[in-house]
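Novice: Handing you a structure now.
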DNA sequence: ATATATTATAGGATAAGTCTTATATATGAT
DNA sequence: ATCATATATAAGACTTATCCTATAATATAT
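Protein chains in written order, with the working numbering: chain A, 16 to 200; chain B, 16 to 200.
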């Protein structure tokens, strides 16, 4: 799955330790792929077992030793292969839609509260993403334009989707306020 | 998590067996919550253990006996409680965005192929959703308007998001064809 | 003084989900 | 005749991810 390949992707740029990777995930792909620290370490061991990465032990006096992972030729090949492979389409799980689907069990007031909660959450996410986009304008300059272009695309995608969600939620709230969900009762 | 509550939601409408539930999931919430048959049965046992559902054994001569699950008062309370509870916001995982993020490793030609693949997949999903929407127009009439309203909302959401994805992908493909990802190289 | 944060790795327990297979009967299609 | 499909339930093995905890030294803040 994708965590393996996300890690290979980062190792392709340069060798990194598990600790480094956690930090790198948190400042770059967290919005669409949050990685658990524990899971990163476990996955790194597996990558090394597979021969997709090699471990370099870096001794340190004051800190615990670092295990820096280098991507191998076969790891690099695997990354390229995966990047061109269509992903098995499995519908993502959206628990919010379960709440909406069964919202008929709630009172009109509770429903409105629910949607307004979803809306404010969505607005907050949008602000976060826009904030990142602003800062990234400078942040990304160290990378080749080609890489930076695709990094920005993933942010742009997040923003577009969140904007669309927000627009939809606002529309739905208006409809509910106009009692459109009660028509015909 | 949500499978528990999705099942409680359906049991709130009427008592169902595991087999029934699998069918119900597949024709209603599959687009945003695909449920594995095996997982449904496991979850049902757990719901019964929790006291949120009760089992009625229905003997049949020609077929294996059915275990029909009835929601209890405490199950119903739990459903309502959950519907009003804000969900812990955990960013969803979008493996496609990992592929896009690291697309810089591919050639221009491969990149275009990748995005066109994503676009056609997206177009296909949209058609599927629109097809369901058309059919549901009649399908849903048996339910109270209030419930049907929220069922349709979840479909509408899927369509809006897929439309937004598609529009974005088309735009990105144009930009790539114009060589915008190579600017400054 | 004490608590928290940073750097660094990793195991244990648990949860959640997927895939496969087993069992059993009936019906319809090729 | 045989094969697939529908009805009905459920265990086994495995994967992936999450949460918590442990270890260990240093540094900074209260």
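Where a beta carbon is used, it is the ideal one built from N, C-alpha and C, also for glycine.
1. Checking contacts by CB at 9 Å: is residue 63/A closer than that to chain B?
2. Where residue 110/B and residue 29/B are concerned, what is the direct C-alpha to C-alpha distance, given to the nearest angstrom?
3. Pull up the distance between the alpha-carbon of residue 160/B and that of residue 193/A, whole angstroms please.
4. Label residue 76/A either buried or exposed according to how many other C-beta atoms from any shown protein chain fall within 10 Å of its C-beta, with 16 as the threshold for buried.
5. When the Cβ atoms of the stretch 19-26 of chain B are set against those of the stretch 180-193 of chain A, are three or more pairs found closer than 8 Å?
6. Give me the Cα-Cα distance between residue 82/B and residue 186/A, rounded to the nearest whole angstrom.
7. What does the Cβ neighbour count give for residue 73/A, buried or exposed, with the cut at 16 atoms within 10 Å?
8. List the residues of chain B that residue 110/A touches, going by C-beta distances under 7 Å, in chain order.
9. Does any residue of chain A bring its CB to less than 9 Å from the CB of residue 55/B?
10. What do you get for residue 32/A, buried or exposed, if any count of 16 or more other CB atoms within 10 angstroms of its CB means buried?
11. Look at the alpha carbon of residue 16/B and the alpha carbon of residue 54/B, and state the distance between them as a whole number of angstroms.
12. Going by Cα to Cα distance, which pick from 105/A, 139/A and 167/A is closest to residue 150/A?
13. Counting beta carbon pairs with one atom in the stretch 121-139 of chain A and one in the stretch 37-48 of chain A, are three or more of them shorter than 8 Å?
14. Establish whether the CB of residue 138/A and some CB of chain B are separated by less than 9 Å.
15. Mind checking who residue 201/A pairs with in its DSSP beta bridge?
16. May I have the straight-line CA-CA distance separating residue 158/B from residue 116/A, to the nearest angstrom?
17. Can you name the start and end residues of the alpha helix (DSSP H) that residue 77/A belongs to?
18. Check residue 121/A in the structure and name its three-state DSSP category.
19. In its own chain, which residues sit with a C-beta less than 8 Å from the C-beta of residue 197/A, not counting the 5 before and 5 after it?
20. Below 8 Å CB to CB, which residues in the same chain sit around residue 147/A once its five sequence neighbours on both sides are set aside?
21. Considering only residues of the same chain and omitting the five flanking positions on each side of residue 48/A, which have a CB-CB separation below 8 Å?
22. In terms of alpha-carbon separation, which member of 136/B, 107/B and 104/B lies closest to residue 101/A?
23. Checking contacts by CB at 9 Å: is residue 150/B closer than that to chain A?
24. Should residue 27/A be flagged as near chain B, meaning a C-beta pair shorter than 9 Å?
25. Out of 165/B, 108/B and 120/B, which has the shortest C-alpha to C-alpha gap to residue 97/A?
26. How would you label residue 189/B, buried or exposed, when you count the other beta carbons within 10 angstroms and need 16 or more for buried?
27. My guess is that residue 84/A and residue 59/A are in contact by the Cβ rule of under 8 Å, so how many angstroms apart are they, rounded?
28. Which word fits residue 118/B, buried or exposed, when buried means at least 16 other C-beta atoms lie within 10 angstroms of its C-beta?
29. With a threshold of 16 other CB atoms inside 10 Å of the CB of residue 38/B, please say whether the residue is buried or exposed.
30. So what does DSSP say about residue 102/B, is it helix, strand or coil?
31. From the beta carbon of residue 162/B, is the nearest beta carbon of chain A less than 9 Å away?
32. Let me confirm a value: residue 52/B is counted as buried when at least 16 other C-beta atoms fall within 10 Å, else exposed. Which label applies?
Specialist: Let's see:
1. no
2. 37 Å
3. 15 Å
4. exposed
5. no
6. 42 Å
7. exposed
8. 17 and 102
9. no
10. buried
11. 13 Å
12. 167/A
13. no
14. no
15. Because residue 201/A is not part of the residues shown, which for chain A are 16 to 200, the question remains open.
16. 13 Å
17. Careful: residue 77/A lies outside any alpha helix (DSSP H) and carries neither H nor E.
18. coil
19. 123
20. 46 and 170
21. 17, 18, 21 and 40
22. 136/B
23. no
24. yes
25. 120/B
26. exposed
27. 6 Å
28. buried
29. exposed
30. coil
31. yes
32. exposed
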